[in-house]
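Numbering-wise (my numbering), the sequence shown opens with residue 1 and increments by one. We treat Cβ as the ideally placed atom computed from N, Cα and C, and that holds for glycine. Notes for the one structure printed next.
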Amino acid sequence: MAERSPERVESALGHRTVTHAAVSAFGGMTGDRARLHFDHHFGRAHGGPIAHGLLNACWAVGALTLHASERMGVNEADAVFGEFSLRLEQVVKVGDTLCLQVSDVAGDDATAPPGARAQRSAFEMLNQEGVTTSSGQVTIWRGDPRPGAAPEVWGLEAAAPRPAGTALYADDMLEAGPRGVSAGRTLTESDVVAFATEVGELNPAYLNAEFAKRSADGARIVPPMLTFCIGFADFLRALLALPMSASGFAGHVGDRWRRFAPVHLGDTLQTRFKPLSVRASASRPERCVVHFGLQLVNQHDRVVQEGETVMLMPAGPGA
């Protein structure tokens with residue numbers, strides 16, 4: 001049973017209730033139209049309708065932007081949003097109200113790009129009962145964050161062939177799990193404005209052309225939370241297209257990403273994704289923790305963002 005701390009809700013920031021409209025809008029903006037979020041009859045059978053895990057994360061960043069703007073480098077020309085990590089701890093349902101708790105994180109600049117210093121903040125999102133639904137960290141780079149060496153674009157091998165209709169389990173992911181390249185998406189003015197205003201990430205780096213000219217990136221950029229969400233949705237569609245085991249769903253339990261270059265309006269991104277690792281869950285022996293890698297690659301074949309998403313999946317028979 002998750003610990004309830006209703007007294008924490010009153011001191012939190014950015015209270016906002018999850019609605020059907022918010023879930024629908026988020027799925028439309030990012031491309032994550034998984035059935036659990038959009039089919040209410042199906043969702044109710046599984047305790048839903050359930051909000052996207054990354055909606056929870058994006059609302060956290062939006063609340064930080066609106067209510068603790070110094071932690072997001074808002075209105076600072078030399079600040080960029082460089083890294084993000086997320087742990088999903090409790091399902092969020094339509095009708096839940098979310099709010100934010102934030103604190104400092106001690107650390108050094110070892111992971112910051114050359115010429116930059118890092119500011120890290122830890123966050124928790126709470127529901128109306130004070131239960132933590134997610135937690136994570138945001139990292140802002142300040143100074144002169146010159147781009148470091150970007151990772152090489154992944155070459156992707158084909159998945160191992162499987163007999164038609166064979167159900168896949170977590171144990172099969174390294175050989176037969178989703179890997180590939182998305183069709184690509186050009187990021188537009190409407191993408192940026194719709195996302196920033198919907199989630200509350202009202203950062204002038206995304207919305208104010210005159211400010212952005214003076215910024216480290218030289219022009220307006222696309223929110224990196226949006227680009228990661230698009231990449232996750234590309235991966236998830238490929239995962240859900242596979243013949244999965246009927247013994248349980250793949251649960252989304254966490255993410256992390258790092259920025260390597262800005263994404264400007266008009267850039268075209270493709271997502272590359274592949275399975276990285278599988279291990280048994282310590283707390284649920286019938287499940288495995290599966291890490292998948294994501295790369296966002298622009299039209300110049302440069303990796304602009306790289307990260308991982310973590311899924312909890314049914315282990316194979318006999319596990």
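- Exposed is the label assigned to P243, since fewer than 16 other Cβ atoms lie within 10 Å of its Cβ.
- The segment 260–270 and the segment 307–314 do not touch, with fewer than three beta-carbon pairs separated by less than 8 Å.
- Put simply, of S135, R87, R256, T139 the residue whose alpha carbon is nearest the alpha carbon of R117 is T139.
- Taking C-beta atoms as the reference points, S134 and L64 fail to come closer than 8 Å.
- Under the 10 Å beta carbon count, L156 is surrounded by fewer than 16 other beta carbons and is classified as exposed.
- Per DSSP, the continuous beta strand (DSSP E) segment holding K274 begins and ends at 268–280.
- The C-beta distance from W141 to A233 rounds to 26 Å, too long to fall under 8 Å, and the pair is not in contact.
- Cβ neighbours of H291 within its own chain (closer than 7 Å, five residues either side excluded): L276, S277, E308, V310.
- In this structure, A176 keeps its C-beta atom at 8 Å or more from the C-beta atom of A164.
- When beta bridges are read from the DSSP output, V138 appears opposite F84, S121.
- Leaving aside the five residues that flank P49 on each side, the residues in its chain whose CB is nearer than 6 Å to its CB run, in chain order, H40, G43, V94.
- Look at the beta carbons and you see the segment 226–240 touching the segment 27–36: at least three pairs across the two are nearer than 8 Å.
- A Cβ-Cβ distance of about 6 Å is found for the pair A205 and I221, placing them in contact under the 8 Å criterion.
- The distance from the Cβ of T111 to that of G184 is about 29 Å, inconsistent with a contact at the 8 Å cut-off.
- Listed in chain order, the non-local C-beta contacts of G254 below 7 Å within the same chain comprise L86, R87, L88, V310, local neighbours out to five positions each way being set aside.
- Excluding residues up to 5 positions away in sequence, I140 lie with their Cβ nearer than 6 Å to the Cβ of Q119 in the same chain.
- Taking C-beta atoms as the reference points, R256 and V297 fail to come closer than 8 Å.
- Annotated three-state conformation of H67 is helix, per DSSP.
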